[in-house]
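Asker: Below are the structure tokens for one structure; questions will follow.
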């Protein structure tokens, strides 16, 4: 969905999306790529799916995005929950639990 949005509107879009396949530096430590992408972004959108929850890197990226809130006192994270995830599935992950307690998030569809 986001990749389609990025390419479909790239010439008119004032925002730049960062994708691992395209924008991460090959050979660089994965966690360094994640950190740099988040710290160099105005906003970070985490699209939370069942697959997202199974991927430790995704949960770690969400954790980094939240850490910017505590460092910069700016909420840079936008969380979108996609699909049929229960509250229990979300709340069993500490970074997501902390975000849900503090902020609102979007559900789609």
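Residue numbers (the UniProt record's numbering): 1 to 109.
Cβ coordinates follow ideal geometry from the N, Cα and C atoms, glycine included.
Remember, predicted model here, so these are calculated numbers, not experimental data.
1) Using a Cβ distance threshold of 8 Å, determine whether the stretch 70-88 contacts the stretch 17-30, with at least three qualifying pairs required.
2) Taking residue 69 as the reference, which of 92, 44, 11 and 30 has the closest Cα?
3) For residue 103 and residue 66, what's the separation of their Cα atoms in angstroms?
4) Using only alpha-carbon positions, find the residue among 64, 57, 51 and 94 that is nearest to residue 81.
5) Give, in chain order, every unbroken run of the alpha helix (DSSP H) that is at least 4 residues long and sits entirely within the stretch 11-46.
Answerer: By the coordinates alone:
1) no
2) 44
3) 11 Å
4) 51
5) 20-23 and 30-39
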